[in-house]
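Student: Got a structure here, written out as structure tokens. Questions coming.
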Amino acid sequence: MGPKVNVITAIRDSLDEAMAADERVIVLGEDVGQIGGVFRATEGLWQKYGPKRVIDMPIAEALIVGVAIGAALNGLRPVAEIQFADYIHPAFDQIVNEAAKIRYRSAGGFHCPIVVRAPAGGGIHGALYHSQSVEAYFCHAPGLKVVAPSNPYDAKGLLKAAILDPDPVIYFEFKATYRTVEGEVPDEDYIVPIGEAAIKRPGRDMTLLTYGMLVHESLKAAERLAEAGIEVEVIDLRTLLPLDKNTILTSVRRTSKVLIVHEANKTGGLGAELAAIISEEAFEDLDGPIVRLTGPDVPAMPFAPTLEAAFMPNADKIVEAARRLDAY
Amino acid sequence: MPKPTSDQLQEFYYKMILTRTLGARLRLLRHQGRINIVALADGHEAAQVGSAGALRIGLDFIYTYYRDMGVAMAVGMRPHDFMAQAYAKATDPNSRGRILPGDLNYPAANLMAGGGPIATQLPQAAGTALASQIKGEDAVTIVYFGEGASSEGEFHETCNLAGIHKLPLILFCENNQYALSAPLAKEVAGGGIALKAQGYGFPGVEVDGNDVVAVYQATGEASERARHGEGPTLIEARLYRLGAHSTDDDDSRYRDPEELDRQREDDPLLRFRRYLIERKHLKETDLVELETKAAEEVEAAQRFAEESPYPDPAELWEHVYGA
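What follows is the structure in structure tokens.
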């Protein structure tokens, strides 16, 4: 393995290597140029590849994604940045009505290889409009792929895979992981295939399905639960659409209990889909109710530290939920 | 911009009459219950055929909206293709029976991915033009839209970017005076579309959309500008929608029939017909011959579409992902 890096560095390195390897790759978004993005995910790229390939865009999210689509249709491999996932909604039409449907509506005549990166998630004192987890909206749109890495290795490898992918990929990066999560990344080129979950910790008593920042809280919780004799299998979904049903169901059939953990609110969230799939395809193997520990069904994450903490799932809450499920 | 040759003028007339004839047959088929909804281009023929006639087909990129049957005919789609789409048959080259007729997806002519939402094609066209600029290629992108689409934010966002980057882009507005039922005065402030370009720092040109030669020349000039790095042009083709919004719309509910009668006197086809005879480009018998040929082609297209198979139900699952 190579050096230890954080998530933001892994994303930047991934973009840098992809741009060096293929001149069709361009980056566009608000403030991605000279200053390298508000989180510095594109730092140095403007200086290295020039303003034609690293394009500062006006504050117009629908335009950013629409331009990416049109550039892809003319042979480029655009990586669009939406500055915060909270602001992706003006581009919803371009993503869901256009990018996701271009291959289908043209019966394969056209296709749309774009990547839309969007910093997501809370726990960073960002309040209502810098904390949202909006992945479920996009997981309802066949034609898209949706990924959400939790660590530097996956961040780099999934971004490489997304850029090579022939279809539109929405790439959610959890801001809370940017500079807090470090890990080793190989020197040599690699990808993390889209559609493959990762078992982060094996366990026989319970399957815990999660992604993004909460992978780390889940692993902390699993450590503490193991001390109490409860062995939790922690699965990092990594790709949210299409889900790696095989890894999920294989684990559930072995453990017979399921705890789903995500930051997005509960109703209509990814946990609902996971629970439905497991009920449909592994009902006979279950030995307890499928439990969801999620953000609450309130409009968004508030600013006050007390309210933010009350919103966010964390290791303590995961331990408590897992103990209850284990005792069922 | 050189004037069109006699051969070009004959070709324009043929594509225009073909569009009108095809539309008339589609309207009839809809009323007979043989097909579903279609948006027709009556009154748009000169604007569509004249502008497309100034493009380099296969090299330039073309984004359309749902009323651009005349553009489709001008760039080489056949009535067969359009009819197959109207019948939602597997022989529809746009989508194999997936998308509504008039939503054009025709890679052979760089007729770019067309869907249903209003104005989404505008940012995409800007992206395609930007890519040509990045690659140092000489292609021009044209994007068609109705004046109704100028109400969408994406129209303004696109103009803004086009002005900033001097994109090789032609924004071609077919101002037919109605956004479905809403007349121009209720949907467009300032009285028109072309003048909006000024605020974005590039030329806006108003052209008589019933004059195929004027449209051809305006588009040709915009294309020259784009190719020489002089940036975008907004063309507003002033015309009038001679039909209802679609086969399923009753325009008598919102439009004065006397207004329609007045506008029929300026029908672009009749005007062009008179022009061709007066300027001695074609004789009455030549025109009748072209009109007969168009009718035969449409008749054959209908037979083709009716005899074509529907897509197999298993195709539902195809082309969701590439890999």
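Sequence order for the protein chains is S and A. Under our numbering, the first residue of the first sequence carries the number 11, and numbering increases by one thereafter. Under our numbering, the first residue of the second sequence carries the number 8, and numbering increases by one thereafter. Virtual Cβ for every residue (Gly too), placed ideally from N, Cα, C. Computed from a predicted model, the values in this text were never measured in an experiment.
Identify the continuous beta strand (DSSP E) that holds C180/A and give its terminal residues.
Tutor: Looking at the DSSP string, the run of the beta strand (DSSP E) that includes C180/A is L176 to N182.
Student: Decide yes or no for the touch test of the stretch 67–84 of chain A against the stretch 273–292 of chain A: beta carbon pairs closer than 8 Å, at least 3 of them.
Tutor: Output reads no: the stretch 273–292 of chain A does not touch the stretch 67–84 of chain A.
Student: Could you tell me which residues DSSP pairs with E71/S in its beta bridges?
Tutor: According to DSSP, E71/S bridges with nothing at all.
Student: Measuring only the C-alpha atoms, how far is D319/A from G143/A?
Tutor: Each residue's alpha carbon lies about 43 Å from the other.
Student: Considering just the uninterrupted stretch of the beta strand (DSSP E) at D88/A, what are its terminal residues?
Tutor: Careful: D88/A lies outside any beta strand (DSSP E), inside the alpha helix (DSSP H) at P86 to A93.
Student: Check distances from the C-beta atoms of the stretch 101–123 of chain S to those of chain A and list, in chain order, the residues that come in under 7 Å.
Tutor: Taking 7 Å as the Cβ-Cβ cut-off against chain A, the residues of the stretch 101–123 of chain S that qualify are D103, Q104, N107, E108, K111, I112, R113, Y114, R115, S116, A117, G118, G119, F120 and H121.
Student: Would you mind sorting K62/S into buried or exposed? The rule is 16 or more other CB atoms within 10 Å of its CB.
Tutor: Classification of K62/S: exposed, given that the 10 Å Cβ count is below 16.
Student: At the 8 Å Cβ level, is R63/S part of the contact set with chain A, yes or no?
Tutor: Closer than 8 Å to some Cβ of chain A, the Cβ of R63/S qualifies, so yes.
Student: Pick helix, strand or coil for R127/S, following the three-state DSSP scheme.
Tutor: Residue state, collapsed to three classes: strand.
Student: What residues in the stretch 70–85 of chain S have a beta carbon less than 7 Å from any beta carbon of chain A?
Tutor: Against chain A - using a Cβ distance shorter than 7 Å - the residues of the stretch 70–85 of chain S are A70, A72, L73, G76, V77, A78, I79, G80, A81, L83, N84 and G85.
Student: Output the distance between the C-alpha atoms of A186/A and K173/A, rounded to the nearest integer angstrom.
Tutor: Distance between the alpha carbons of A186/A and K173/A: 29 Å.
Student: Out of E154/A, N217/A, E272/A and D273/A, state which residue places its alpha-carbon closest to the alpha-carbon of A54/A.
Tutor: Residue N217/A is the option with its Cα nearest to A54/A.
Student: When you check each C-beta in the stretch 87–112 of chain A against every C-beta of chain S, which residues fall closer than 9 Å?
Tutor: Taking 9 Å as the Cβ-Cβ cut-off against chain S, the residues of the stretch 87–112 of chain A that qualify are D99, P100, N101, S102, R103, G104, R105, I106, D110 and N112.
Student: Closest by CA to P239/A, which one among K10/A, T165/A and D99/A?
Tutor: P239/A has its Cα closest to that of T165/A, out of K10/A, T165/A and D99/A.
Student: Give me the DSSP bridge partner(s) of K14/S.
Tutor: Paired residue(s): E194/S.
Student: My guess is that T135/A and E161/A are in contact by the Cβ rule of under 8 Å, so how many angstroms apart are they, rounded?
Tutor: About 14 Å separates the two Cβ atoms, so there is no contact after all.
Student: Below 8 Å CB to CB, which residues in the same chain sit around R333/S once its five sequence neighbours on both sides are set aside?
Tutor: Excluding sequence neighbours, R333/S sits near L235, A238 and I240.
Student: Taking Cβ to Cβ, would you say A130/S is nearer than 8 Å to K210/S?
Tutor: No, these two residues do not count as a Cβ contact at 8 Å.
Student: I want to verify the contact list: residues of chain A whose CB lies under 7 Å from the CB of I134/S, in sequence order.
Tutor: Within chain A, no residue comes near I134/S; the closest Cβ sits about 29 Å away, beyond 7 Å.
Student: Could you give the uninterrupted runs of the beta strand (DSSP E) lying entirely in the stretch 153–241 of chain A, keeping only those of 3 residues or more?
Tutor: Whole beta strand (DSSP E) segments, 3+ residues: 176–182 and 211–215.
Student: Skipping 5 residues on each side, what residues in its chain have a beta carbon closer than 7 Å to that of K327/S?
Tutor: Only L303 meet the Cβ criterion.
Student: Identify, in the order they occur along the chain, each residue of the same chain with its Cβ nearer than 7 Å to the Cβ of G30/A, setting aside the five sequence neighbours on each side.
Tutor: Taken in chain order, the residues that qualify are L47, A48, D49 and M76.
Student: Let me know the secondary structure DSSP gives M29/S once reduced to three states.
Tutor: Residue state, collapsed to three classes: helix.
Student: If we require 4 or more residues per run, which alpha helix (DSSP H) segments fall completely within the stretch 43–105 of chain A?
Tutor: For the stretch 43–105 of chain A, whole alpha helix (DSSP H) runs of length 4 or above, ordered along the chain, are 52–59, 76–81 and 86–93.
Student: Would you give the residue range spanned by the alpha helix (DSSP H) that P315/S belongs to?
Tutor: Per DSSP, P315/S belongs to the alpha helix (DSSP H) from P315 to F321.
Student: For D14/A, which of helix, strand or coil comes out of DSSP?
Tutor: D14/A: helix per DSSP, three-state reduction.
Student: From the DSSP output, in three-state form, read off Y113/A for me.
Tutor: Y113/A: strand per DSSP, three-state reduction.
Student: With 7 Å as the limit, tell me which residues of the stretch 304–328 of chain A have their beta carbon closer than that to any beta carbon of chain S; keep them in chain order.
Tutor: Cβ contacts with chain S: H326, V327 and Y328.
Student: Kindly indicate which three-state DSSP category F49/S falls into: helix, strand or coil?
Tutor: The answer is coil: DSSP assigns F49/S none of H, G, I, E or B.
Student: Is I209/S helix, strand or coil when you go by DSSP?
Tutor: Reduced to three states, the DSSP call for I209/S is strand.
Student: Against chain A, with Cβ distances strictly below 8 Å, would I201/S count as a contact?
Tutor: For I201/S, the answer is no, since every Cβ of chain A falls outside 8 Å of its Cβ.
Student: Since V150/A contacts L118/A with CB under 8 Å, what's their CB separation in whole angstroms?
Tutor: Going by Cβ atoms, the distance from V150/A to L118/A rounds to 12 Å, so no, they are not a contact pair.
Student: Mapping DSSP to helix, strand and coil, what is V64/S?
Tutor: V64/S: strand per DSSP, three-state reduction.
Student: Closer than 8 Å, CB to CB, is D177/S near chain A or not?
Tutor: Yes, because at least one Cβ of chain A sits closer than 8 Å to the Cβ of D177/S.
Student: Pairs of beta-carbons, one from the stretch 180–200 of chain S and one from the stretch 288–302 of chain S, closer than 8 Å: are there three or more?
Tutor: No contact exists between the stretch 180–200 of chain S and the stretch 288–302 of chain S.
Student: With respect to the alpha helix (DSSP H) encompassing R183/S, which residues constitute its N-terminal and C-terminal limits?
Tutor: Here the sequence assigns Glu to residue 183/S, which means Arg is not the residue at that position. Here E183/S belongs to no alpha helix (DSSP H); instead the beta strand (DSSP E) covers V179 to F184.
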